[in-house]
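In the working numbering, the protein residues as written are 73 to 168.
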């Protein structure tokens, strides 16, 4: 079982991610097929990776309106507070 985090949208500017980029969590490691992990986004993603992997319902967690996916964003607030931007990730669990 693995958790896929795919960039759905970038609000503002992100020097690392573009829509479609993925971070893949296999068991307890970041898969080699993943885009480079960002130290700002990673803590938030890992927080939900375990919950989703263990079967938490994204709707009950307030992360989606559909049970199959969750939407999570990195903590960078973007302009006018920072020169960067917030990345919104779409997350789901994939059986292997």
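By construction, the Cβ of each residue, glycine as well, lies at the ideal position given by its N, Cα and C atoms.
{"Query": "Integer Cβ distance of residue 131 from residue 162, believed to fall under 8 angstroms", "Result": "Not quite, the Cβ-Cβ distance comes to about 14 angstroms (not below 8 angstroms), so this is no contact."}
{"Query": "Anticipated Cβ contact below 8 angstroms, residue 82 with residue 113, distance rounded", "Result": "Contact flag wrong, Cβ pair sits at about 11 angstroms."}
{"Query": "Element boundaries [alpha helix (DSSP H), containing residue 125]", "Result": "114-125"}
{"Query": "Boundaries (first-last residue) of the beta strand (DSSP E) holding residue 96", "Result": "94-98"}
{"Query": "Residue interval of the beta strand (DSSP E) (run including residue 111)", "Result": "Neither: residue 111 is in no beta strand (DSSP E) and is coded neither H nor E."}
{"Query": "First and last residue of the uninterrupted beta strand (DSSP E) at residue 74", "Result": "74-84"}
{"Query": "Bridge partners - residue 162, DSSP secondary structure assignment", "Result": "78 and 143"}
{"Query": "Three-state secondary structure (DSSP) of residue 134", "Result": "coil"}
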